[in-house]
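Following full-length UniProt numbering, the numbering of the sequence shown begins with 1 at its first residue and continues without gaps.
Think of the CB as a built atom: it goes at the ideal place given N, C-alpha and C, for glycine as much as any other residue.
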Amino acid sequence: MTSRGIESMTIGEFGRRSGLSIKALRLYAVSGLLPPAEVDAASSYRRYTADQLERAARISLLRRLGMPLAVIAEVIDLSEEEAGRRLDRWWATEEAAIAARRESYIWLRTRWVHGGEPEQTYSVRVELRAARKVATIQTVVDQQSLVTAMGSAEWEIRRHLEEQGAATTGEHWVVYPHPVTPDSETAIEVCVPYSGSVEPVERITLRREPERLVAFAVVTRDDCFYPRITQAYEAVWEFVTTAGHLLSGPPREIYLDSWDRLAGTDPFALVAQPIEG
């Protein structure tokens, strides 16, 4: 019995009933996700209660989906409605990453088996984009973790902006100070434009993005994966160098909405290069 008169069980028994290993239970205890109901002061034996089994089952299912412990910690204690929305956002990011891998596989296999595919051609335009207030997170990624990291940072920013009462749209950006490759890590900046009054918190930075002249190409959702998207970058770079424009900032991808809200042939992102006027 616990001090509250509730029947308790050892870590081994709780592990058998929950389907979790003792190693996993110890990890979840240290992380604060699933602390034992009681710890014996003399022996340090951990004891759990039956009413913790539901929480254990949810943690186990989220881990089976591949959700990181840090994200589970954000989700597990939310209201059911809010937890469902957060799960939807995270899963949409996972599906986008899976789709990007699938399209890369199809692109590579088509080239090997069928001798390639027609090159995509992009028209490049120039546009003056207004100054905006943006909330940003800088994170370090390689090519494999890029899509997932982008999604996680975007929704972390959006959650903070929502809590602060700021107004946003589906638009968000990813700024690339250096190329992202499969073999090395580099920093990217994920930005969400907003209006309203917001306070910075933890790793979220607030800044004013100045008015910028950009050369850009529009990329559909179906083409917004590596290596096909590189054709849009090449078109923009050729336009900029041929016209003799000077660069005024690092390249960026300006996403027009969330991946799961658009069809495959819809315009999804602008591959943009800031230039001097």
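- With DSSP collapsed to three states, give me the class of residue 106. As a position in the sequence shown, residue 106 is number 106, starting the count at 1. In the structure shown, residue 106 sits in a helix (DSSP, three-state: H, G or I).
- Message: Only counting the same chain, and skipping five residues up and downstream in sequence, which positions put a Cβ closer than 8 Å to that of residue 210?
- Response: Counted from its first residue, the sequence shown places residue 210 at position 210. So the qualifying residues of the chain are 131.
- Item | Residue burial classification, residue 179 (beta-carbon count within 10 angstroms, cutoff 16) | For the purposes of this step, residue 179 is taken as the residue at position 179 of the sequence shown. Exposed: under 16 other Cβ atoms inside 10 Å.
- What's the C-alpha gap between residue 94 and residue 72? The residue given as residue 94 occupies position 94 in the sequence shown. The residue given as residue 72 occupies position 72 in the sequence shown. So the two alpha carbons sit approximately 14 Å from each other.
- Message: Quick check on residue 128: does DSSP put it in helix, strand or coil?
- Response: For the purposes of this step, residue 128 is taken as the residue at position 128 of the sequence shown. In the three-state DSSP reduction, residue 128 falls in the strand class (E or B).
- Message: Tell me which residues share the same chain as residue 200 and place their Cβ nearer than 7 Å to its Cβ, disregarding the 5 neighbours each side in the sequence.
- Response: As a position in the sequence shown, residue 200 is number 200, starting the count at 1. Closer than 7 Å at the Cβ level, and outside the excluded window around residue 200, lie 206.
- Item | For residue 67, three-class secondary structure by DSSP | Taking the first residue of the sequence shown as 1, we reach residue 67 at position 67. DSSP places residue 67 in coil when its eight states are reduced to three.
- Contacting residues, own chain, Cβ-Cβ under 8 Å from residue 146 (five flanking each side not counted): Counting from 1 along the sequence shown, the entry for residue 146 is found at position 146. Excluding sequence neighbours, residue 146 sits near 180 and 188.
- Does the distance from the C-beta atom of residue 278 to that of residue 15 stay below 8 Å? The structure shown does not extend to residue 278, since the chain is modelled only from 1 through 277, so no value can be given for it.
- Whole-number beta carbon distance between residue 100 and residue 268, since they are thought to touch under 8 Å: Locating residue 268 in the sequence shown gives position 268, counting from the first residue. Locating residue 100 in the sequence shown gives position 100, counting from the first residue. The pair is not a contact, with the Cβ atoms about 12 Å apart (cut-off 8 Å).
- Item | Nonlocal neighbours in the same chain, by C-beta distance under 6 Å from residue 83, ignoring five residues either side | By 1-based counting over the sequence shown, the position of residue 83 is 83. If you ignore the 5 residues before and after residue 83, its C-beta comes within less than 6 Å of the C-beta of 75, all in its own chain and listed in chain order.
- Message: So, at 8 Å on beta carbons, what are the nonlocal neighbours of residue 9 in its own chain, with the 5 sequence-adjacent residues on each side left out?
- Response: Numbered from its first residue, the sequence shown carries residue 9 at position 9. Result list for residue 9: 17, 47, 48, 49 and 50, in chain order.
- Taking 8 Å as the cut-off, decide whether the C-beta atoms of residue 262 and residue 128 are in contact. Sequence index remark: in the sequence shown, residue 262 carries index 262 (1-based). Sequence index remark: in the sequence shown, residue 128 carries index 128 (1-based). No.
- What are the boundary residues of the alpha helix (DSSP H) that residue 168 is part of? Your numbering for residue 168 matches position 168 in the sequence shown. Segment: none, residue 168 is in no alpha helix (DSSP H) and carries neither H nor E.
- Item | Secondary structure of residue 228, DSSP reduced to three states | Position 228 of the sequence shown, counting from 1, holds the residue named residue 228. In this structure, residue 228 counts as coil in the three-state DSSP scheme.
- Message: In the DSSP output, what is residue 239 paired with across the bridge?
- Response: The residue given as residue 239 occupies position 239 in the sequence shown. Within the DSSP bridge table, the entry for residue 239 names no partner.
- If residue 119 sits next to residue 231, beta carbons under 8 Å apart, how far is it from one beta carbon to the other, in whole angstroms? Residue 119 sits at position 119 when you count from the first residue of the sequence shown. Residue 231 sits at position 231 when you count from the first residue of the sequence shown. With 8 Å as the limit, residue 119 and residue 231 qualify as a contact, their Cβ atoms being about 6 Å apart.
- Query: Since residue 269 sits in a beta bridge, which residues does DSSP pair it with?
  - Reply: The sequence position of residue 269 within the sequence shown is 269, counting from 1. DSSP output for residue 269 lists 219 and 255 as bridge partner(s).
- Please check the pair residue 56 and residue 34, which I expect to be a contact at CB under 8 Å, by giving their CB distance rounded to whole angstroms. Within the sequence shown, residue 56 is the residue found at index 56, counting from 1. Within the sequence shown, residue 34 is the residue found at index 34, counting from 1. About 6 Å; that satisfies the 8 Å criterion.
- Per DSSP, what kind of secondary structure is residue 144 in: helix, strand or coil? Translated into positions along the sequence shown, residue 144 becomes position 144. It is coil, neither helix nor strand.
- May I have the straight-line CA-CA distance separating residue 270 from residue 159, to the nearest angstrom? For the purposes of this step, residue 270 is taken as residue 270 along the sequence shown, with counting starting at 1. For the purposes of this step, residue 159 is taken as residue 159 along the sequence shown, with counting starting at 1. Near 24 Å, if we compare the C-alpha coordinates of residue 159 and residue 270.
- Query: DSSP on residue 75, reduced to helix/strand/coil?
  - Reply: Sequence index remark: in the sequence shown, residue 75 carries index 75 (1-based). The answer is helix: DSSP assigns residue 75 an H, G or I state.
- Task: Report yes if the C-beta distance between residue 222 and residue 182 is below 8 Å; otherwise report no.
- Result: What you label residue 222 is simply residue 222 of the sequence shown in a count that begins at 1. What you label residue 182 is simply residue 182 of the sequence shown in a count that begins at 1. One thing to note: residue 222 has its Cβ no nearer than 8 Å to the Cβ of residue 182.
- Per DSSP, residue 283 forms a beta bridge with which residues? The first residue shown for the chain is 1 and the last is 277, placing residue 283 beyond what the model contains.
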